[in-house]
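**Q** One rule links them: number in my numbering = place in the sequence shown (from 1) + 7.
The structure is given below, and queries will be raised subsequently.
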Amino acid sequence: MTEQTLDNKLIDLETKLAFQDDTIDQLNQVVTKQQQQIDQLTNQMTLLKQAITAIMNEQGISGHEKPPHY
Numbered sequence: 008m009t010e011q012t013l014d015n016k017l018i019d020l021e022t023k024l025a026f027q028d029d030t031i032d033q034l035n036q037v038v039t040k041q042q043q044q045i046d047q048l049t050n051q052m053t054l055l056k057q058a059i060t061a062i063m064n065e066q067g068i069s070g071h072e073k074p075p076h077y
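Structure below.
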């Protein structure tokens, strides 16, 4: 192989590596944003469960009672 061919291969590899690094960074940003959204949704779900439990307690409703039509 000539020095020119090796240089071209090295340039190609460096270019591919740069694109892969960029892709990894973009994917990491997406995953981080998704995790933040999951955390927010989990917190909202916890608050909703607490609110429903509080309302049921105020109304004297037990979550384990069967409806009258059973």
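Glycine included, every Cβ here is placed at the ideal spot set by N, Cα and C.
Expressed to the nearest angstrom, what Euclidean distance is found between the alpha-carbon atoms of M63 and S69?
**A** So the alpha carbons of these two residues sit roughly 7 Å apart.
**Q** Roughly how many angstroms separate the alpha carbons of N15 and I31, rounded to a whole number?
**A** 24 Å
**Q** Taking only three categories from DSSP, how would you classify K23?
**A** helix
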